[in-house]
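Trainee: Protein chains in written order, with the working numbering: chain A, 138 to 505; chain B, 138 to 505. For every residue, glycine included, the Cβ atom is placed at its ideal position computed from N, Cα and C. One structure follows; several queries about it will come next.
Protein chains: 2
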Amino acid sequence: MTKIPFRFTQQASCQETKARAGLWSTPHGIVETPRFMPVGTVGTVKGLTSVQIREAGAQMILANTYHLHLQPGEKIIEKAGGLHRFMDWSGPILTDSGGFQVFSLSNLRQIREEGVTFKSPRDGRLISLTPERSIEIQNLLGADVIMAFDECPPSQSDWQTVHMSTQRTYRWLLRCIEAHQRTEDQALFGIVQGGIYLDLRKESAQSLVSLDLPGYAIGGVSVGEAPELIHQIVEFTTPFLPAHKPRYLMGVGTYREMAKAVASGIDLFDCVIPTRLGRHGSALVQGQRWNLKNACYREDFTSLDDSCPCYTCQNTSRAYLSHLIRSKEMLGYILLSLHNVTELLNFTKKMRESIIKGTFVQDFGHWF
Amino acid sequence: MTKIPFRFTQQASCQETKARAGLWSTPHGIVETPRFMPVGTVGTVKGLTSVQIREAGAQMILANTYHLHLQPGEKIIEKAGGLHRFMDWSGPILTDSGGFQVFSLSNLRQIREEGVTFKSPRDGRLISLTPERSIEIQNLLGADVIMAFDECPPSQSDWQTVHMSTQRTYRWLLRCIEAHQRTEDQALFGIVQGGIYLDLRKESAQSLVSLDLPGYAIGGVSVGEAPELIHQIVEFTTPFLPAHKPRYLMGVGTYREMAKAVASGIDLFDCVIPTRLGRHGSALVQGQRWNLKNACYREDFTSLDDSCPCYTCQNTSRAYLSHLIRSKEMLGYILLSLHNVTELLNFTKKMRESIIKGTFVQDFGHWF
Numbered sequence: 138m139t140k141i142p143f144r145f146t147q148q149a150s151c152q153e154t155k156a157r158a159g160l161w162s163t164p165h166g167i168v169e170t171p172r173f174m175p176v177g178t179v180g181t182v183k184g185l186t187s188v189q190i191r192e193a194g195a196q197m198i199l200a201n202t203y204h205l206h207l208q209p210g211e212k213i214i215e216k217a218g219g220l221h222r223f224m225d226w227s228g229p230i231l232t233d234s235g236g237f238q239v240f241s242l243s244n245l246r247q248i249r250e251e252g253v254t255f256k257s258p259r260d261g262r263l264i265s266l267t268p269e270r271s272i273e274i275q276n277l278l279g280a281d282v283i284m285a286f287d288e289c290p291p292s293q294s295d296w297q298t299v300h301m302s303t304q305r306t307y308r309w310l311l312r313c314i315e316a317h318q319r320t321e322d323q324a325l326f327g328i329v330q331g332g333i334y335l336d337l338r339k340e341s342a343q344s345l346v347s348l349d350l351p352g353y354a355i356g357g358v359s360v361g362e363a364p365e366l367i368h369q370i371v372e373f374t375t376p377f378l379p380a381h382k383p384r385y386l387m388g389v390g391t392y393r394e395m396a397k398a399v400a401s402g403i404d405l406f407d408c409v410i411p412t413r414l415g416r417h418g419s420a421l422v423q424g425q426r427w428n429l430k431n432a433c434y435r436e437d438f439t440s441l442d443d444s445c446p447c448y449t450c451q452n453t454s455r456a457y458l459s460h461l462i463r464s465k466e467m468l469g470y471i472l473l474s475l476h477n478v479t480e481l482l483n484f485t486k487k488m489r490e491s492i493i494k495g496t497f498v499q500d501f502g503h504w505f
Numbered sequence: 138m139t140k141i142p143f144r145f146t147q148q149a150s151c152q153e154t155k156a157r158a159g160l161w162s163t164p165h166g167i168v169e170t171p172r173f174m175p176v177g178t179v180g181t182v183k184g185l186t187s188v189q190i191r192e193a194g195a196q197m198i199l200a201n202t203y204h205l206h207l208q209p210g211e212k213i214i215e216k217a218g219g220l221h222r223f224m225d226w227s228g229p230i231l232t233d234s235g236g237f238q239v240f241s242l243s244n245l246r247q248i249r250e251e252g253v254t255f256k257s258p259r260d261g262r263l264i265s266l267t268p269e270r271s272i273e274i275q276n277l278l279g280a281d282v283i284m285a286f287d288e289c290p291p292s293q294s295d296w297q298t299v300h301m302s303t304q305r306t307y308r309w310l311l312r313c314i315e316a317h318q319r320t321e322d323q324a325l326f327g328i329v330q331g332g333i334y335l336d337l338r339k340e341s342a343q344s345l346v347s348l349d350l351p352g353y354a355i356g357g358v359s360v361g362e363a364p365e366l367i368h369q370i371v372e373f374t375t376p377f378l379p380a381h382k383p384r385y386l387m388g389v390g391t392y393r394e395m396a397k398a399v400a401s402g403i404d405l406f407d408c409v410i411p412t413r414l415g416r417h418g419s420a421l422v423q424g425q426r427w428n429l430k431n432a433c434y435r436e437d438f439t440s441l442d443d444s445c446p447c448y449t450c451q452n453t454s455r456a457y458l459s460h461l462i463r464s465k466e467m468l469g470y471i472l473l474s475l476h477n478v479t480e481l482l483n484f485t486k487k488m489r490e491s492i493i494k495g496t497f498v499q500d501f502g503h504w505f
């Protein structure tokens, strides 16, 4: 099923861990892995222009089927010439299937073998999302990578519940593959589920891999799981995924978890954390989280991080950022979001460079 | 009192109106007049970075003594090396004195000959602002132009009230001049008051001009006055202000009022309207106001204004902006603010070009 525009080449690998550096070509450009992908849920990485996102070092970004279906609707985006043109992002895009959002955000959902029915949080109308419908919407949005529509059971579910859910997710995946109309320019990724049960993770991974998809994601690990559990699942699951396909760990974007996951062989990450923290007045600085409202920043006229190339660090001080956040000024949220996105992108870029130089464990070993 | 760094040169004037084009040098650069000045109340033009403001065509921007005194406080800005460095704006800045804000925004104010006492809206503590204190704060902030601390009577006040207020404003101006410690690099502007009473406007203007200040503003016209009244006051007052000094009409930033004021000989404008409209989802397009939530924009894939050079118009569609505003996304407010600021800057730039070319009435006469 892998088509020519999607080609993953492993450039270098770590001798002591399973970390690897890769080049992944997509219809809208190359992604150098490992790489963090900023999240643009409704077609905007919150608060940032496309030029700012590009300058932050982003190569590929995310958007969300669930949100874009509700507003503005996939038909409008199709008429605009697709999501890339609509949101003015010329690089690769990945759309999540909406599965996770239906299960985590919507009320009054009914889950059947056919799919899920839920009440729109915007206007209360009943919406039905099935594997076929999710893929149809994603085909209209036109992202480079589209995700299978999966069932996401609550994180504390028992083995039997997760087992049934994982099997349904597999049956839904077969329907997604069948429904997919743009295999020549959109790569459909499968999502390994299985919750905290390693036997189910293995079963899920092996059944997905048998379908020879152009890429694989590990899902269901970011939702309220302990970091140790995330690492255990990722470390256990990754070896079942083929080396010549990109591996994407969904929803994870903290320093330690990304470093550990890269050491396990993960290539791609996404997380709303850099922009969400920015909107809450916090900065990610060299592995730490700073609340800019703290008194210590009021008269600190140094930049957030001298070594960071972002606009915020090159042009503003901690004192100014603290003032903006205290004043609830939009620019404060913008500047912090811009820095935080740059910071996580740089973190993954530096891991990549270290893997290529052969110094990954030396440079990042303190994280795992 | 005019010092060397402040030099206003009239380059061209209109034959049929009193419009003029000027070059005004300040310690932080030249302002080509007529020119709109974006407002950065608390040290940020809401939602825009300094680079974006510069690219929008801004030469001089405003900030506010009242707001900056409350947060972060002038001492912190002084320690940062002054307002220019604090807010990362290398061009000229003008600070308003805080007078207007004390009278319009604060509660529980007590007005005495000495000055005004009011309750801080942030923490309830009593703050006293006097002419001396306002100038002291503005000296610490370090803007290129500082404004006299004036009394602003309610717009419906009777002649007697406005007369007494205008006379107090004059006495306060004398105290401002006396208190001003940085005459070599900060120009103190006087503000013509007098409400709707032309005889008081004349008296105020003449008394100010006798002090040979480096520039003059017309105040108290934007607050709830009818456009015809604004024009009448501006047309009547401007001839009393010397031709070799810049003239600044405070708080006015609508197309028609700016065009009429330029025809009367005004050089500078400021207004929060472009960013405020942006935050409310509206765009200023060639003299009109568009609400991007209107259904007509949902599937309109053209740019706001093809002829506008701003980032928003060059990279996004009305449909995308409409989607962002409907989704209450920060980027929508940012992109509209950026366009609106650019639009008003361009409007004044074009008036300037027409004055120089000798086509001002031909090009802008439909506005007045």
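For V179 (chain A), return the contacting residues in chain B, with the cut-off set at a CB-CB distance below 9 Å.
Mentor: Translated into positions along the first sequence, residue 179 (chain A) becomes position 42. Those within 9 Å of V179 (chain A) in chain B are H460, L461, S464 and E466.
Trainee: Nearest to R489 (chain A) by alpha carbon, out of A:G418, A:A396 and A:I283?
Mentor: Counted from its first residue, the first sequence places residue 489 (chain A) at position 352. Considering only alpha carbons, the answer is A:A396.
Trainee: Tell me D322 (chain B)'s beta-bridge partners as DSSP assigns them.
Mentor: Counting from one through the second sequence, the residue named residue 322 (chain B) turns up at place 185. For D322 (chain B), which the question treats as bridged, DSSP gives no partner whatsoever.
Trainee: Which residues share a DSSP beta bridge with N431 (chain A)?
Mentor: Here residue 431 (chain A) corresponds to residue number 294 of the first sequence, with the count starting at 1. According to DSSP, which records beta bridges pairwise, N431 (chain A) is partnered with nothing at all.
Trainee: Hey, C481 (chain A) and P411 (chain A): beta-carbon distance below 8 Å or not?
Mentor: On the first sequence, position 344 is the one that residue 481 (chain A) refers to. On the first sequence, position 274 is the one that residue 411 (chain A) refers to. It is Leu, not Cys, that sits at residue 481 (chain A) in the sequence shown. In contact: L481 (chain A) and P411 (chain A) (Cβ atoms closer than 8 Å).
Trainee: In the structure shown, what three-state DSSP assignment does E372 (chain B) receive?
Mentor: As a first step, residue 372 (chain B) must be located in the second sequence, where it is residue number 235. Here E372 (chain B) sits in helix by DSSP.
Trainee: Going by CA-CA distance only, name the one from A:P142, A:Q148 and A:W309 that's closest to K494 (chain A).
Mentor: In the first sequence, the residue the question calls residue 494 (chain A) occupies position 357. For the residues A:P142, A:Q148 and A:W309, the minimum Cα distance to K494 (chain A) belongs to A:Q148.
Trainee: Starting from F430 (chain B), find everything on chain A with Cβ-Cβ shorter than 7 Å and list it in chain order.
Mentor: Locating residue 430 (chain B) in the second sequence gives position 293, where the first residue counts as 1. A quick correction: the sequence has Lys, not Phe, at residue 430 (chain B). Those do not exist, as K430 (chain B) stays about 12 Å from chain A at its closest Cβ, beyond 7 Å.
Trainee: Confirm, please, whether the CB-CB distance from V399 (chain A) to V358 (chain A) is below 8 Å.
Mentor: As a first step, residue 358 (chain A) is located in the first sequence; it is residue number 221 there, counting from the start. As a first step, residue 399 (chain A) is located in the first sequence; it is residue number 262 there, counting from the start. Taking 8 Å as the Cβ cut-off, V358 (chain A) and V399 (chain A) do not qualify as a contacting pair.
Trainee: Which residues of the region 183–194 of chain A have a Cβ closer than 8 Å to any Cβ of chain B? Give them in chain order.
Mentor: Listed by position along the chain: K183, G184, L185, T186, S187 and V188.
Trainee: Could you list which residues in chain B have their beta carbon closer than 7 Å to that of E436 (chain A), in chain order?
Mentor: By one-based count along the first sequence, residue 436 (chain A) stands at place 299. By Cβ distance, chain B contributes I213 and K216.
Trainee: Under 8 Å between beta-carbons, which chain A residues line up against Y470 (chain B)? List them in chain order, please.
Mentor: By one-based count along the second sequence, residue 470 (chain B) stands at place 333. Under the 8 Å cutoff, chain A gives M467.
Trainee: Under 8 Å between C-beta atoms, does T439 (chain B) make it to chain A?
Mentor: Within the second sequence, numbered from 1, the residue matching residue 439 (chain B) stands at position 302. T439 (chain B) does not count as touching chain A.
Trainee: Tell me, which residues are paired with L160 (chain B) by DSSP?
Mentor: As a first step, residue 160 (chain B) must be located in the second sequence, where it is residue number 23. B:T146 and B:E169, per the DSSP bridge assignment.
Trainee: Please compile the residues from chain B whose C-beta is within a distance smaller than 9 Å of the C-beta of D225 (chain A).
Mentor: By 1-based counting over the first sequence, the position of residue 225 (chain A) is 88. Within 9 Å Cβ-Cβ: N452, T453, S454 and Y457.
Trainee: Along chain A, in chain order, which residues have C-beta atoms closer than 7 Å to that of Y203 (chain B)?
Mentor: Here the question's residue 203 (chain B) lines up with position 66 in the second sequence. Under the 7 Å cutoff, chain A gives no residues; its nearest Cβ is about 13 Å from Y203 (chain B).
Trainee: What is the DSSP secondary structure of K140 (chain B), reduced to helix, strand or coil?
Mentor: Stepping through the second sequence from its first residue, residue 140 (chain B) is reached at position 3. Model confidence at K140 (chain B) stands at a pLDDT of 49, short of 50, so the residue's coordinates are unreliable and nothing is read from them.
Trainee: Tell me which same chain residues have a C-beta within less than 6 Å of the C-beta of N477 (chain A), skipping the five on either side of it?
Mentor: Along the first sequence, read from residue 1 onward, the residue named residue 477 (chain A) stands at position 340. Result list for N477 (chain A): P411, L414, G415 and L421, in chain order.
Trainee: Y385 (chain A) touches chain B at which residues, Cβ-Cβ below 9 Å?
Mentor: For the purposes of this step, residue 385 (chain A) is taken as the residue at position 248 of the first sequence. Per Cβ cutoff of 9 Å: no residues; Y385 (chain A) is ~25 Å from chain B at best.
Trainee: Chain B beta carbons: is any one of them nearer than 8 Å to that of Y392 (chain A)?
Mentor: As a first step, residue 392 (chain A) is located in the first sequence; it is residue number 255 there, counting from the start. Not one chain B Cβ lies under 8 Å of Y392 (chain A).
Trainee: Taking 8 Å as the CB-CB cut-off, is P209 (chain A) touching chain B?
Mentor: As a first step, residue 209 (chain A) is located in the first sequence; it is residue number 72 there, counting from the start. It does; some Cβ of chain B falls within 8 Å.
Trainee: Give a yes or no on whether 8 Å exceeds the smallest Cβ distance from Y307 (chain B) to chain A.
Mentor: Taking the second sequence and counting its residues from 1, one reaches residue 307 (chain B) at position 170. False, the Cβ-Cβ gap to chain A never drops below 8 Å.
Trainee: Could you work out which residues of chain A lie near Y448 (chain B), taking near to mean beta carbons separated by less than 7 Å?
Mentor: Position 311 of the second sequence, counted from the first residue, corresponds to residue 448 (chain B). Those within 7 Å of Y448 (chain B) in chain A are T186.
Trainee: My understanding is that W309 (chain B) touches D287 (chain B), with C-beta atoms under 8 Å, so please give their C-beta distance in whole angstroms.
Mentor: As a first step, residue 309 (chain B) is located in the second sequence; it is residue number 172 there, counting from the start. As a first step, residue 287 (chain B) is located in the second sequence; it is residue number 150 there, counting from the start. Sure, about 6 Å apart at Cβ, within 8 Å.
Trainee: Between the region 179–193 of chain A and the region 157–168 of chain A, do at least 3 Cβ pairs fall closer than 8 Å?
Mentor: No, the region 179–193 of chain A is not in contact with the region 157–168 of chain A.
Trainee: Can you grab the Cα-Cα spacing for the pair K382 (chain A) / L325 (chain A), in whole Å?
Mentor: Here the question's residue 382 (chain A) lines up with position 245 in the first sequence. Here the question's residue 325 (chain A) lines up with position 188 in the first sequence. Going from the Cα of K382 (chain A) to the Cα of L325 (chain A) covers about 12 Å.
Trainee: Measuring straight from C-alpha to C-alpha, what distance separates K140 (chain A) and I471 (chain B)?
Mentor: For the purposes of this step, residue 140 (chain A) is taken as the residue at position 3 of the first sequence. For the purposes of this step, residue 471 (chain B) is taken as the residue at position 334 of the second sequence. With a pLDDT of 49 at K140 (chain A), under the threshold of 50, the predicted position of this residue should be treated as unreliable, though the coordinate-derived value follows. Each residue's Cα considered, the two are about 39 Å apart.
Trainee: H300 (chain A) CB to nearest chain E CB: under 8 Å?
Mentor: Absent here is chain E; the protein component of the structure consists of chains A and B.
Trainee: How many Å lie between W427 (chain A) and Y434 (chain A) at the Cα?
Mentor: Position 290 of the first sequence holds residue 427 (chain A). Position 297 of the first sequence holds residue 434 (chain A). Rounded to the nearest angstrom, the two C-alpha atoms are 10 Å apart.
Trainee: Of all the options A:R157, A:T391, A:A342 and A:V329, which has the alpha carbon lying nearest to the alpha carbon of P364 (chain A)?
Mentor: As a first step, residue 364 (chain A) is located in the first sequence; it is residue number 227 there, counting from the start. Nearest option by C-alpha distance: A:T391.
Trainee: If we ignore side chains and look at the alpha-carbon of each, how far apart do L468 (chain A) and L473 (chain B) end up?
Mentor: Mapped onto the first sequence, residue 468 (chain A) falls at position 331. Mapped onto the second sequence, residue 473 (chain B) falls at position 336. Computed Cα separation, rounded: 14 Å.
Trainee: Counting Cβ pairs closer than 8 Å, one from the region 227–246 of chain A and one from the region 208–218 of chain A, do we hit at least three?
Mentor: In short, these stretches do not touch, since the Cβ pair count stays below three.
Trainee: State the Cα-Cα distance for the pair D443 (chain A) and T375 (chain B), rounded to the nearest angstrom.
Mentor: Locating residue 443 (chain A) in the first sequence gives position 306, counting from the first residue. Locating residue 375 (chain B) in the second sequence gives position 238, counting from the first residue. Straight-line Cα distance between these residues: approximately 50 Å.
Trainee: Can the beta-carbon of K256 (chain B) be found closer than 8 Å to that of L266 (chain B)?
Mentor: Here residue 256 (chain B) refers to the residue found at position 119 when the second sequence is read from its first residue. Here residue 266 (chain B) refers to the residue found at position 129 when the second sequence is read from its first residue. No, these two residues do not count as a Cβ contact at 8 Å.
Trainee: Would you tell me roughly how many angstroms separate the C-alpha atoms of I333 (chain B) and T181 (chain B), rounded to the nearest one?
Mentor: Position 196 of the second sequence, counted from the start, is the residue given in the question as residue 333 (chain B). Position 44 of the second sequence, counted from the start, is the residue given in the question as residue 181 (chain B). Cα to Cα, I333 (chain B) sits roughly 32 Å from T181 (chain B).
Trainee: Identify every residue that forms a DSSP beta bridge with N201 (chain B).
Mentor: If you number the second sequence from 1, residue 201 (chain B) lands on position 64. Beta-bridge pairing links N201 (chain B) to B:D233.
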